[in-house]
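*Asks:* Note that full-length UniProt numbering has the sequence shown beginning at 1, numbered continuously upward. Positions of the beta carbon are idealized from the N, C-alpha and C atoms, including for glycine.
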Amino acid sequence: MRNLSEAILVRMGKLHLYLRHRGTEEAQQELDRKYEGQYRNAGLVLLFDLFMALAVVVVVAVLAGILYLVLS
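Have a look at this one:
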């Protein structure tokens, strides 16, 4: 299971970097500078960003629901 999760994170990190930076040299520089040279770290950062975005959407939806119920 651990190898599968690491493989998924590595794949996500590679895909994210190479889609974001079209040139392989730019992607490699960012990988070295921001993610300590590991695609796994890039995948983890992307995963945490997605979870944070989802959390913000949930909080806004809950607040909107509460306001709707209180004001109606």
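Suppose you measure from the CA of Y18 to the CA of I8; what does that come to, to the nearest Å?
*Replies:* Each residue's alpha carbon lies about 15 Å from the other.
*Asks:* Thinking C-alpha only, which one of L4, M12 and N3 is nearest L47?
*Replies:* Of the candidates L4, M12 and N3, the one whose C-alpha sits nearest the C-alpha of L47 is M12.
*Asks:* Would you please state the rounded distance, in angstroms, between the beta carbons of E30 and H21? I believe it to be under 8 Å.
*Replies:* Contact flag correct, Cβ pair sits at about 6 Å.
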